[in-house]
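Protein chains in written order, with this note's numbering: chain A, 797 to 994; chain B, 797 to 994; chain C, 797 to 994; chain D, 797 to 994. Ideal Cβ placement from N, Cα and C applies to all residues, glycine included.
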DNA sequence: GATGAATGAGGGTTCATTCAT
DNA sequence: TATGAATGAACCCTCATTCAT
């Protein structure tokens, strides 16, 4: 990597750290500079405006998201488990996805917070991430369908709902602390598969 | 209401509008003043610091949330429907909750965004709203249990999961636009009640 | 005293307290109002501008100073002591003047500090106080002259010098703390009367 | 001198000018900036708060005071005059000290005015200047003692009293204007050496 | 006569941005 | 390329002053 590219990456890395910690609007360019180990002036050699850093951060986040979140690995995983109980498979998926969330939580936090106030970003994120997600949902649910284990309902709604349940679980873990994390995962899977109705 | 109390409310109302629209950090006190129809100086007769406005907004939000979100009405509603199909009841609940979300979405947006950067607020919100929510979840799920229709699983996890599914639906509606909103609700209810498994 | 006159006095008294404590420029009209037990608006019924309070305070200070500092009592005192040793007389005078300083130190502090930044005040104070002082110096020193005990030198310079020595003593007492206050007074008198030269 | 050090000095110099002219509290940072020939923002690159400028000014004043007021030169002066009449020596000292006061009157004015409202400054000034002064007084008076011309009285009180007399002279010159300045100096010396008593 | 509420110009301070070196 | 210094518009906040009641 060229030296200049390295400097740019240092700035971006510092920005991600800070944006996720205190939000874009409350992060000072001086802080970024300090954390990146460069002078304040240098930042503006790489980004014309402070906002451009955010855009770069989000763009990168999107790229990372799409690449990492790509369902390809997942499909592989599922095939390998194909003989196993669907419950086990779902749990494996959850655990794997959780490690993904942990790894990229800063990116996700920034994306989620900042698209609220920036139409350009919002457009971008929706177009790329949501659509990506939608097609993946189809594929993954499709596996359950082929196995003859899933009902023939809107696959997108199903997967989205599943994610909603998991996110609430995660959210609670982050904000409150969960003592029975694993057990709660099992409950969520049970609900997703068989519902709450007797 | 006294005149001074009225002014305070005008400031709070304008602040809610702006904070939810552009975030606390990006809202200017002058904007608040203009939107509230008072002078900038007046704001600081009622709130020592800009941050105090946010705290007041969130405190008020919490109060509103607890009062309005209180499950009492809900229980009444459910009892009235007691002969009806559980599906109908859930749909009614969702519709009613949605109108609540629409009405207080600004408050919720502020709370959700700002507690990330303010430990005091976070503590406050968690202590009040989350606990309130937890006890209510218990009560509501309990009704289904008594009717002999719900499985005996962790009621909090069940309700939370349900809400997770609904929130994703909502979220999508807000960000993307859904053409089949009603139909999607039905699907969510179906998943919640009977799961995706054949 | 009429009620309105009383209110005015309350404002002036509070102002003297505050001006002497933190200076005119750093005193807030709201503080004055609170200390005086009136509303901020009321102040401006009695004084058009904040500066007018200062002017009133100083004017009053000057009046008090001239009345209280008037040498008449002093002359009487001296006559009564006329048979006594001049040393004793000087010491009596010093002690009496010190109690005056203690009593009116706040006024003096304000006058001294604020005439520096206000030409009108400076003019006023100099015209009244200094001239008053000059004529009094003449009279007091004249007594020593008549007794045949004082040299025939510029009486104003003599008295002023004496006061200079006493002020330094006082100044030190205020800022540092003197353990031998009385003894130092004696030394100062000795210097004033007989000089430091052998 | 580095450019940044130069800028800092420009700000300090402008501040001294303005603080002594209108007092700290009434001096605006914009005025300082204009007088220093820098932008208002620049000031806050060098001083976090306006008050810090005052503290820096006073600290510098103290340093200057101690260095310049140091009695070393004075002792040399006195030795050179050792054959001369004590009157001549005192007059030389006064004239030399007066030029010092003229040169540093702005510093002194600031110190004197502002320590009244700032405990930190007060402590600092007293600890450094007063103690410095005390030890010097001892040395200087000691010379007169060794020459066998001064009485064996508290040297600190003697010097302090002398300064008190001179300050009053100076004070009058500043506020009133003296026509007979030189003659008054002679009178003060006469009083200091031989007293007013016949 | 007195108040409490409101004002808005102006205060100190911040911070993204520029630029000479 | 990188920096440190400087900028100035805009921020939050203060406070003397006004005014309807």
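Label residue i either buried or exposed according to how many other C-beta atoms from any shown protein chain fall within 10 Å of its C-beta, with 16 as the threshold for buried.
i: residue 986 of chain D; result: buried
i: residue 910 of chain C; result: buried
i: residue 804 of chain D; result: buried
i: residue 860 of chain B; result: exposed
i: residue 971 of chain C; result: exposed
i: residue 800 of chain C; result: exposed
i: residue 857 of chain D; result: buried
i: residue 908 of chain C; result: exposed
i: residue 944 of chain D; result: exposed
i: residue 926 of chain A; result: exposed
i: residue 839 of chain A; result: buried
i: residue 802 of chain B; result: exposed
Who are the neighbours of residue i on chain A, taking C-beta pairs under 9 Å?
i: residue 920 of chain B; result: Simply none; closest approach about 12 Å.
i: residue 909 of chain B; result: 819, 909, 912
Along chain D, which residues have their Cβ under 8 Å away from the Cβ of residue i?
i: residue 822 of chain C; result: 821, 913
Just grab the DSSP bridge partners of residue i for me.
i: residue 946 of chain A; result: B:993
Name the chain C residues that come within less than 7 Å of residue i, Cβ to Cβ?
i: residue 803 of chain D; result: None at all; the shortest Cβ gap to chain C is about 27 Å.
Pull up the distance between the alpha-carbon of residue i and that of residue j, whole angstroms please.
i: residue 899 of chain D; j: residue 988 of chain D; result: 25 Å
i: residue 832 of chain B; j: residue 897 of chain B; result: 24 Å
i: residue 824 of chain D; j: residue 851 of chain D; result: 16 Å
i: residue 960 of chain B; j: residue 820 of chain A; result: 27 Å
i: residue 810 of chain B; j: residue 975 of chain B; result: 33 Å
i: residue 888 of chain C; j: residue 958 of chain C; result: 14 Å
i: residue 973 of chain A; j: residue 834 of chain D; result: 53 Å
i: residue 947 of chain A; j: residue 883 of chain A; result: 15 Å
i: residue 992 of chain C; j: residue 837 of chain D; result: 56 Å
i: residue 854 of chain A; j: residue 983 of chain A; result: 34 Å
i: residue 886 of chain B; j: residue 806 of chain B; result: 37 Å
i: residue 922 of chain C; j: residue 798 of chain D; result: 47 Å
i: residue 891 of chain A; j: residue 906 of chain A; result: 23 Å
i: residue 881 of chain C; j: residue 940 of chain C; result: 11 Å
i: residue 928 of chain A; j: residue 879 of chain A; result: 28 Å
i: residue 924 of chain D; j: residue 920 of chain C; result: 36 Å
i: residue 863 of chain D; j: residue 936 of chain D; result: 16 Å
i: residue 843 of chain D; j: residue 808 of chain D; result: 10 Å
i: residue 949 of chain B; j: residue 990 of chain B; result: 14 Å
i: residue 893 of chain A; j: residue 903 of chain A; result: 15 Å
i: residue 942 of chain B; j: residue 969 of chain A; result: 29 Å
For a contact defined as C-beta to C-beta under 7 Å, what are the partners of residue i on chain B?
i: residue 960 of chain A; result: 960, 961, 963, 964
i: residue 972 of chain A; result: 922, 926
Starting from the beta carbon of residue i, find every residue of chain A whose beta carbon is closer than 7 Å, and list them in chain order.
i: residue 957 of chain B; result: 961, 964, 984, 987
i: residue 953 of chain B; result: 980, 983, 984
How would you list, in chain order, the residues of chain B whose beta-carbon sits under 9 Å from the beta-carbon of residue i?
i: residue 947 of chain A; result: 986, 987, 990, 991, 992, 993, 994
Anything in chain A within Cβ reach of residue i, meaning under 8 Å, just list it in chain order.
i: residue 977 of chain B; result: Within chain A, no residue comes near residue 977 of chain B; the closest Cβ sits about 11 Å away, beyond 8 Å.
Using a Cβ cut-off of 9 Å, pull out every chain C residue sitting near residue i, in sequence order please.
i: residue 815 of chain D; result: What residue 815 of chain D touches in chain C: nothing, since even the nearest Cβ is about 11 Å away.
i: residue 950 of chain D; result: 976, 979, 980, 983
Is it a yes or a no for the region 822 to 840 of chain A touching the region 913 to 929 of chain A, going by three-plus beta-carbon pairs under 8 Å? no
For the region 807 to 816 of chain B against the region 969 to 980 of chain B, are there 3 or more C-beta pairs whose distance is under 8 Å? no
Count Cβ pairs between the region 961 to 971 of chain C and the region 949 to 957 of chain D that sit closer than 8 Å; are there 3 or more? yes
Decide yes or no for the touch test of the region 844 to 860 of chain B against the region 929 to 946 of chain B: beta carbon pairs closer than 8 Å, at least 3 of them. no
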